[in-house]
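Before any comments, here is the structure.
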Amino acid sequence: MSQTNVTVPSGDSGMGAGMIVGLLVAVIIIGFLIWWFLLGGGGGGTTTDGSTAPLESLVESILPSAAASGT
Numbered sequence: 023m024s025q026t027n028v029t030v031p032s033g034d035s036g037m038g039a040g041m042i043v044g045l046l047v048a049v050i051i052i053g054f055l056i057w058w059f060l061l062g063g064g065g066g067g068t069t070t071d072g073s074t075a076p077l078e079s080l081v082e083s084i085l086p087s088a089a090a091s092g093t
């Protein structure tokens, strides 16, 4: 049997580059999803101010029965 000693870095080293890149990617993905679903990014600019068309189309895709009944 053998023993391997490993030097553990101290806890005050801060965030690594991987953590920073991961946070940036998460912010970009969340921003894209908000833009796409709530602000009508996929509509080609066809929505008007105050329109909830992107949100309504999302609800229609999730709940087609609610869209058919008009409620």
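Residues 23 to 93, numbered by our numbering, are exactly what the sequence shown covers, in order.
Using N, Cα and C, we set each Cβ at its ideal position, and we do this for glycine too.
Exposure of residue i, with buried meaning 16 or more beta-carbon neighbours within 10 Å
{"i": "residue 53", "result": "exposed"}
{"i": "residue 44", "result": "exposed"}
{"i": "residue 62", "result": "buried"}
Extent of the continuous alpha helix (DSSP H) to which residue i belongs
{"i": "residue 40", "result": "39-59"}
Residue of the options minimising C-alpha distance to residue i
{"i": "residue 59", "options": "84, 26 and 24", "result": "84"}
Heavy atom of the ligand COA within 7 Å of residue i beta-carbon
{"i": "residue 56", "result": "As far as ligands go, the structure on display features none, and thus does not contain the ligand COA."}
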